[in-house]
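In what follows, a single structure is set out as structure tokens and then discussed.
Chains as they are written, first to last, in the working numbering: chain A, 110 to 474; chain B, 110 to 474.
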């Protein structure tokens, strides 16, 4: 019997995963991680109100395909209209839809070299032509991204602010200038997954008057619900409505919808989380300085740590930490791959990191 | 500023939803439904073990992108290898991936006229050319589907067994013959969302030796977890592996993964659900006979009811029931649209249906 007739594009794609999951590494090692600090998860977890709301949901019922209640609350929260918001299966899911809307065979798409691999996965998955610019120092480079977009006539530009994997950020003025300079016919996807951790004023004002900018937000990070898969995008109404052409309308978990709504309503808990994360980042900074490394300034819930050697050293260090039960990750490309990346953890997590780091350094020296 | 450059395909698509959700109808009516019997949800809900497992999950952590534990358990349950299983965001999500893998501009795809709208949504969404054959009586017509697939050189064929929206089914011999006759180069998608409700022996034996048949299963129906969004597909390993090219690897809700695993492990609870559903279907049959209608035989968790008049009558009846707080749906196309469709409910739900039905009939007479 003949093989299925995959589309030429799909036939050409590799079977791949943007990130190897920590569970995969645990199975390979035959042991659970003692501290899970590699995926920028927020180990402080969600508001107890969110936990309660999730537990009380009738999970036998499909979720509301309109995400009506959550969109209403988000609209109030952000002072935009519900028509300016689409809720989806995490930013990952929304990025997939956005790419599908704008990218086909050889469509030029611009991002930074070493930026979010899942975005690149989606671009490749719809046949786009990824064009990259390097980081400037340890920062994404808005001017270079815009210039590249202009040069290649890109339909889509991606930037994360604050940035992952470096944790660095630009202030609102720089980002507003980038928005203002988006070339005609391009869409700028501004991934603000970590923006709640950033200094007040980092996010430029929301402007939903033109369809050339879309902002991505999530309940995975500051709200502590990565496993629930709730992201949302804010944009001009016609761009938001276009998601209805392609999205999996009944794709949202009903408990996740209710949990996100409750989490959004508990801003006091969010404030406490931000304090916890700030304290954890300070402690991570102390720990790594004691070991001769340098923490980069971070506007996220992780600290990117300059190990002051090359990528091979950082890779060895990550492996040595993983072998000691500490799950961490690191940037993929040079020269950022001189760093490792550690998520803000609880005291118990950071105790383990503090104990393991000197052992790991010694083991690879 | 110029409009975003949507792909020509996306620009041509309508903003649509395959089904209007019951919450949308509730908002329009300004009142909650008293009985939710329209979406073939399993109101008996999940195993308490599944509920407990979902509540105990650390929702701050991303789900395992490999769905390893669930795939292992499903492999044992179905006596296939884990490599023969892909887990996704409900059958809806998996259908989207499958269509994306096989369908591009004008690819012929065969289904029954009036079959699952979400499949059609995905086919349209990837530019496929949908070719339909009519139901034969109230049954999907495997011979006609195969003949049409041969005539149009289809890459993908869809059939649900048991069928939705009619609740009818074919035995394993007929389905095996259909599988055996799949034309070279086509893939048969056999949607078995309701198969746990069907007589033992309805499902043909699982054969994962060729990549031209894929079976879709779900935790949304018999396992009572529609809101969790967990579906899976069983197929030959190369076809399963192709999903890794396009799927949202981190798209699964972590609690849903754990809940599905626990639900699968509680087959006693499933057996009790099947008894509850059988009793509810018998009662629905009695109720509608008392009102002069005829229930069709059903191998699902719903009863499709022949109202013995035309589509206009059935549509009016559905509206009259909805106005009385009873959420039901009906087939979309003639002559099946002479019917309405009622999901198996609890005693309290069916009490309400029993009271409302004669009132609704009287109101439209």
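Glycine included, each C-beta is placed from N, C-alpha and C at the ideal position.
For residue i, three-class secondary structure by DSSP
i                      : result
residue 326 of chain B : strand
residue 392 of chain B : helix
residue 219 of chain A : strand
residue 460 of chain A : helix
residue 332 of chain B : coil
residue 352 of chain A : helix
residue 168 of chain B : coil
residue 368 of chain A : helix
residue 337 of chain A : helix
residue 142 of chain A : coil
residue 122 of chain B : coil
residue 245 of chain B : strand
residue 344 of chain B : strand
residue 129 of chain A : coil
residue 545 of chain B : The requested residue 545 of chain B is not part of the displayed model; chain B covers only 110 to 474.
residue 386 of chain B : helix
residue 397 of chain A : helix
residue 185 of chain A : helix
residue 313 of chain A : coil
residue 116 of chain B : coil
residue 475 of chain A : One cannot answer for residue 475 of chain A here, as it falls past the ends of chain A, which runs 110 to 474.
residue 234 of chain B : helix
residue 420 of chain B : helix
residue 137 of chain B : helix
Per-residue burial, residue i [other beta carbons within 10 Å of its own, 16 or more giving buried]
i                      : result
residue 124 of chain B : exposed
residue 357 of chain A : buried
residue 377 of chain B : exposed
residue 354 of chain B : buried
residue 141 of chain A : exposed
residue 330 of chain A : buried
residue 362 of chain A : buried
residue 279 of chain A : buried
residue 445 of chain A : buried
residue 169 of chain B : buried
residue 121 of chain B : exposed
residue 185 of chain A : exposed
residue 340 of chain B : buried
Interface residues of chain A facing residue i [CB-CB closer than 7 Å]
i                      : result
residue 173 of chain B : 130 and 132
residue 362 of chain B : 336, 337, 338, 362 and 365
residue 296 of chain B : 113
Per DSSP, cross-strand counterpart(s) of residue i
i                      : result
residue 450 of chain A : A:413 and A:438
residue 403 of chain A : A:415
residue 268 of chain A : A:299
residue 239 of chain B : B:218
residue 148 of chain A : Note: residue 148 of chain A sits in no beta bridge, so no partner.
residue 427 of chain B : DSSP output for residue 427 of chain B lists no bridge partner at all.
residue 478 of chain A : No answer is possible for residue 478 of chain A: it lies beyond the span of chain A, which begins at 110 and ends at 474.
Proximity test, residue i beta-carbon vs the ligand FMN heavy atom, cut-off 6 Å
i                      : result
residue 157 of chain B : Questions concerning the ligand FMN fall outside what the structure shown contains, since it holds no ligand whatsoever.
Per-residue contacts from residue i into chain A (C-beta, under 8 Å)
i                      : result
residue 150 of chain B : 169, 170 and 171
residue 205 of chain B : 357
residue 154 of chain B : 167, 168 and 169
residue 198 of chain B : 198, 357 and 360
residue 122 of chain B : 354 and 355
Proximal residues of chain B, C-beta to C-beta of residue i below 7 Å
i                      : result
residue 177 of chain A : 132 and 136
residue 348 of chain A : 113
residue 424 of chain A : Near residue 424 of chain A there are no residues of chain B at all, since even the closest Cβ is about 21 Å away, more than 7 Å.
residue 213 of chain A : 116
Interface partners of residue i on chain B, CB under 9 Å
i                      : result
residue 125 of chain A : 353, 354 and 358
residue 164 of chain A : 160, 163 and 164
residue 456 of chain A : Under the 9 Å cutoff, chain B gives no residues; its nearest Cβ is about 16 Å from residue 456 of chain A.
First through last residue of the alpha helix (DSSP H) which encompasses residue i
i                      : result
residue 294 of chain B : Per DSSP, residue 294 of chain B belongs to no alpha helix (DSSP H) and is neither H nor E.
residue 205 of chain A : 199-211
residue 111 of chain A : Residue 111 of chain A -> no alpha helix (DSSP H), and no H or E assigned at all.
residue 252 of chain A : 251-261
residue 176 of chain A : No alpha helix (DSSP H) holds residue 176 of chain A; DSSP gives it neither H nor E.
Contact list for residue i against chain A, beta-carbon separation under 9 Å
i                      : result
residue 321 of chain B : 110, 111, 112 and 113
residue 382 of chain B : By Cβ distance, chain A contributes nothing, its closest Cβ being about 10 Å from residue 382 of chain B, past 9 Å.
residue 287 of chain B : The contacting residues do not exist; residue 287 of chain B stays about 14 Å from chain A at best.
Where residue i meets chain B, residues with beta-carbon distance less than 8 Å
i                      : result
residue 264 of chain A : 113 and 114
residue 145 of chain A : 170
residue 483 of chain A : Residue coverage of chain A in this structure runs from 110 to 474, which leaves residue 483 of chain A outside it and unanswerable.
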